[in-house]
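Counting in this note's numbering, the sequence shown tops out at residue 574, every number present.
Data block below; observations after.
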Amino acid sequence: MRDYLAEYRKWLESPHIDEATKTELKAIEGNDEEIKERFLLELEFGTAGLRGKIGAGTNRMNIYTVARATQGLADYINSCGEEYAQKGVVIAYDVRRMSKEFARITAQVLAGNGVQVYLFDDIRPTPVLSFAVRYLKTASGIVITASHNPPEYNGYKVYWEYGSQIMDDIAKPIEENIKKIEDFGTIKKMDFDEAISKGLIKLVGKEIDEAYFENVLSLSLCDDIDKNISIVYTPLHGTGGKFVRYVFDKRGFTNYIIVPEQEIPNGEFPTVEYPNPEDLKAFNLALDYAKKHNADIILATDPDADRNAVMVKHNGEYVPLNGNQTGALLIEYLLSQRKKKGILPKNGVVIKSIVTGDLGKLIAKQYGVETFETLTGFKNICGLENELEGKYSFQFGYEESIGYVTGDFVRDKDGVMMSMLISEMAAYYKKQGKTLIDVLESLYKNFGYYLEDNFSLIYEGLKGMEKIRRIMEVFRKKFPKVIGTLDVIEYIDYKERKIYNQNGIEIGEVEAHIPASNVLRFFLSDGSWYAIRPSGTEPKLKVYIYTVDKVKDEAKRKLTIIKDTIMKIVSEA
Numbered sequence: 002m003r004d005y006l007a008e009y010r011k012w013l014e015s016p017h018i019d020e021a022t023k024t025e026l027k028a029i030e031g032n033d034e035e036i037k038e039r040f041l042l043e044l045e046f047g048t049a050g051l052r053g054k055i056g057a058g059t060n061r062m063n064i065y066t067v068a069r070a071t072q073g074l075a076d077y078i079n080s081c082g083e084e085y086a087q088k089g090v091v092i093a094y095d096v097r098r099m100s101k102e103f104a105r106i107t108a109q110v111l112a113g114n115g116v117q118v119y120l121f122d123d124i125r126p127t128p129v130l131s132f133a134v135r136y137l138k139t140a141s142g143i144v145i146t147a148s149h150n151p152p153e154y155n156g157y158k159v160y161w162e163y164g165s166q167i168m169d170d171i172a173k174p175i176e177e178n179i180k181k182i183e184d185f186g187t188i189k190k191m192d193f194d195e196a197i198s199k200g201l202i203k204l205v206g207k208e209i210d211e212a213y214f215e216n217v218l219s220l221s222l223c224d225d226i227d228k229n230i231s232i233v234y235t236p237l238h239g240t241g242g243k244f245v246r247y248v249f250d251k252r253g254f255t256n257y258i259i260v261p262e263q264e265i266p267n268g269e270f271p272t273v274e275y276p277n278p279e280d281l282k283a284f285n286l287a288l289d290y291a292k293k294h295n296a297d298i299i300l301a302t303d304p305d306a307d308r309n310a311v312m313v314k315h316n317g318e319y320v321p322l323n324g325n326q327t328g329a330l331l332i333e334y335l336l337s338q339r340k341k342k343g344i345l346p347k348n349g350v351v352i353k354s355i356v357t358g359d360l361g362k363l364i365a366k367q368y369g370v371e372t373f374e375t376l377t378g379f380k381n382i383c384g385l386e387n388e389l390e391g392k393y394s395f396q397f398g399y400e401e402s403i404g405y406v407t408g409d410f411v412r413d414k415d416g417v418m419m420s421m422l423i424s425e426m427a428a429y430y431k432k433q434g435k436t437l438i439d440v441l442e443s444l445y446k447n448f449g450y451y452l453e454d455n456f457s458l459i460y461e462g463l464k465g466m467e468k469i470r471r472i473m474e475v476f477r478k479k480f481p482k483v484i485g486t487l488d489v490i491e492y493i494d495y496k497e498r499k500i501y502n503q504n505g506i507e508i509g510e511v512e513a514h515i516p517a518s519n520v521l522r523f524f525l526s527d528g529s530w531y532a533i534r535p536s537g538t539e540p541k542l543k544v545y546i547y548t549v550d551k552v553k554d555e556a557k558r559k560l561t562i563i564k565d566t567i568m569k570i571v572s573e574a
């Protein structure tokens, strides 16, 4: 076990640690549990970069852990050749505590290593950073954000030259570089003003915003819409407000309200318990405004404006759409409109995660568009988009956790782009006298009722980790072969990258583009399926259940039977 007390003393005695940080550390002197929490581990760098609580210590987000990670990245960039250092890195940041300071120290360390820096002049949505990497043709990009985490968290995400997040082949050497840095005194850093005067740090903003808006607006597919559609939108105190307002105005939507209490950027997120638009409680204020103004739809983006949640007024009630439903509706709208305009290519492709439902895939097939699956996370979805470029024409990417993207200029999920397209879609159907729920119902009648029950089981601490490991092992070795009246006909073990029949005999392999991952997926004889996986970032086991039937109540009944079967196994593991 690492000597966390020695690490703690090292920070207190280091000439490279500032006095304010030392004061924070002196305040926990004698508190063994708190010191252990902050110093036993190092904040781990992976494909998602860094994420953690803000504070002093090796297991916290602070200017020292951020500077160390940046030195590791700078060393990697310089190892790729001088042209990569010249192409440089673009840096964006969100509304959170310390985001601006972390962005600034990141810029100083890169400049200190001779790497050209483009630093945004103010807060920006994450998708704008992805766009900027491609627009400026930089080697890399960094966004300081912890997305929808509580306010005490921050994070550091790294992108590569395609505009998508880094994959293992790049994350691993960066992590190795970081681990070699044992003394903060070895980190190269240039004074901010000196780097500005030398041209190593250039402030950017307006030009990139304008190019981004132009690209987003070019995605619009139909003007035969009801532009008077009533929209309530909330950015949940994040970066989306100004950007969504701009695209709404340019697109000609006039009857919209941005929730005033939540339009002002604020990293404390004072009006919500948790700034996650997947949590229906985050809609409380927006719902009040929607009822007052008789809104047709309510939209919410998370603090870094890369995901969208939607509520639709239907028969006098506001009905939430989940990520699978919104994704299916968008596939139907985008592909039908592109077909109508004669711009739907023969080699079109949709990309979804393996735990996203199948309705979108069936809709895409109806338009002659193939669907590829990959692991969860937009680093994988857009990573596959990069791989398929030239062979396929990318039409849409999505996952059940309310992330969506279309077009080729952003290689991450984009809540600004989708706020425009979801509103356009709702306005198109409104002109025909339909709500999005009506359209969804017609899709169900066509393809069957695709229902879901996705949930997480929380198991904290070392005992929790062991429980999750046991559950995965039980499902690997003793999964139920029959659930209700349905047979399990095959299953996929993504850790082994193999497909097995009901009797555990190998019948195939997972597609080459899907890396190994600790996920199990079981397919039933009627087209229903379920999957389980440990969360990569939290002490949770994630469960995904999908059923299908021509009769809605029957699909619901299957959900209950499958869930009860899973929970019985989980309780006994």
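Virtual Cβ for every residue (Gly too), placed ideally from N, Cα, C.
Residue i: CB within 6 Å of a non-hydrogen atom of the ligand MG
i, result
"D33", "With respect to the ligand MG, the structure offers nothing, as it holds no ligand at all."
Span separating the alpha-carbon of residue i from that of residue j
i, j, result
"E269", "M2", "35 Å"
"E374", "P346", "20 Å"
"A513", "K27", "52 Å"
"G142", "F132", "10 Å"
"K342", "L444", "22 Å"
"E215", "C383", "21 Å"
"I352", "A7", "48 Å"
"F185", "R69", "7 Å"
"K228", "G253", "6 Å"
"G449", "V552", "7 Å"
"I508", "I490", "11 Å"
"E211", "F249", "14 Å"
"R135", "Y213", "11 Å"
"T272", "S100", "20 Å"
"Y429", "D224", "8 Å"
"I226", "H294", "20 Å"
"E43", "G58", "8 Å"
"N60", "R97", "18 Å"
"T146", "M62", "11 Å"
"A291", "N387", "40 Å"
"K203", "I197", "6 Å"
Rounded Cβ spacing between residue i and residue j (contact assumed at less than 8 Å)
i, j, result
"L393", "V356", "The amino acid occupying residue 393 in the given sequence is Tyr; Leu does not appear at that position. The pair is not a contact, with the Cβ atoms about 22 Å apart (cut-off 8 Å)."
"V427", "I332", "For the record, residue 427 in the displayed sequence is Ala; it is not Val. The pair is not a contact, with the Cβ atoms about 15 Å apart (cut-off 8 Å)."
"L389", "F395", "7 Å"
"I124", "T240", "5 Å"
"V647", "L286", "With the chain covering 2 to 574 only, the question about residue 647 has no answer from this structure."
"Q109", "K190", "5 Å"
"I493", "I500", "5 Å"
"I230", "S424", "7 Å"
"K314", "A296", "7 Å"
"G163", "T139", "For the record, residue 163 in the displayed sequence is Tyr; it is not Gly. About 11 Å; that fails the 8 Å criterion."
"P236", "H149", "Not quite, the Cβ-Cβ distance comes to about 12 Å (not below 8 Å), so this is no contact."
"I469", "P535", "5 Å"
"V205", "D122", "7 Å"
"L441", "Q326", "6 Å"
"I438", "I563", "With a Cβ gap of about 25 Å, I438 and I563 do not count as contacting."
Which listed residue (the options) has its alpha carbon closest to that of residue i
i, options, result
"E153", "K54, V110 and V118", "K54"
"E400", "Y368, K366, G358 and G434", "G358"
"E183", "Q166, I469, T255 and Y65", "Y65"
"R471", "A57, E573, P481 and Y430", "E573"
"Y157", "L130, V549 and K243", "L130"
"V67", "L111, D169 and A296", "L111"
"Y368", "V118, K496, N348 and L385", "N348"
"P516", "M99, A57, M168 and P151", "M168"
"L220", "V440, S15, G408 and E442", "G408"
"I84", "G115, F103 and K181", "The identity of residue 84 in the sequence shown is Glu, whereas the question assumes Ile. For the residues G115, F103 and K181, the minimum Cα distance to E84 belongs to G115."
"Y548", "T566, S529, G485 and G361", "The question names Tyr, but residue 548 in the sequence shown is Thr. The option with the nearest alpha carbon to T548 is S529."
"R477", "G485, T486, L487 and N502", "N502"
In chain order, each beta strand (DSSP E) run of at least 3 residues that lies wholly inside the stretch 214-239
232-235
Assess contact between the stretch 360-377 and the stretch 515-535, defined as three or more Cβ pairs (one per stretch) separated by less than 8 Å. Is contact present?
The stretch 360-377 makes contact with the stretch 515-535: 3 or more CB pairs, one atom from each, lie closer than 8 Å.
Three CB pairs or more closer than 8 Å across the stretch 439-458 and the stretch 527-545
yes
Counting pairs of Cβ atoms below 8 Å between the stretch 164-181 and the stretch 66-81, do you hit three or more?
yes
Any 3 or more C-beta pairs closer than 8 Å across the stretch 254-266 and the stretch 463-472:
no
Any chance the stretch 411-422 sits against the stretch 312-319, with 3 or more Cβ pairs inside 8 Å?
no
In chain order, which alpha helix (DSSP H) runs of at least 4 residues are fully inside the stretch 67-94?
83-88
Contact between the stretch 76-95 and the stretch 46-53 is defined here as three or more beta-carbon pairs at a separation below 8 Å; is this criterion met?
no
Which runs of the beta strand (DSSP E) fall wholly inside the stretch 384-432 and span at least 3 residues, in chain order?
394-400 and 404-406
Could you tell me which uninterrupted beta strand (DSSP E) segments, each at least 3 residues in length, are contained entirely in the stretch 6-76, listed from first to last along the chain?
51-54
Residue ranges of each alpha helix (DSSP H) run of no fewer than 4 residues wholly in the stretch 288-361, ordered along the chain?
324-342
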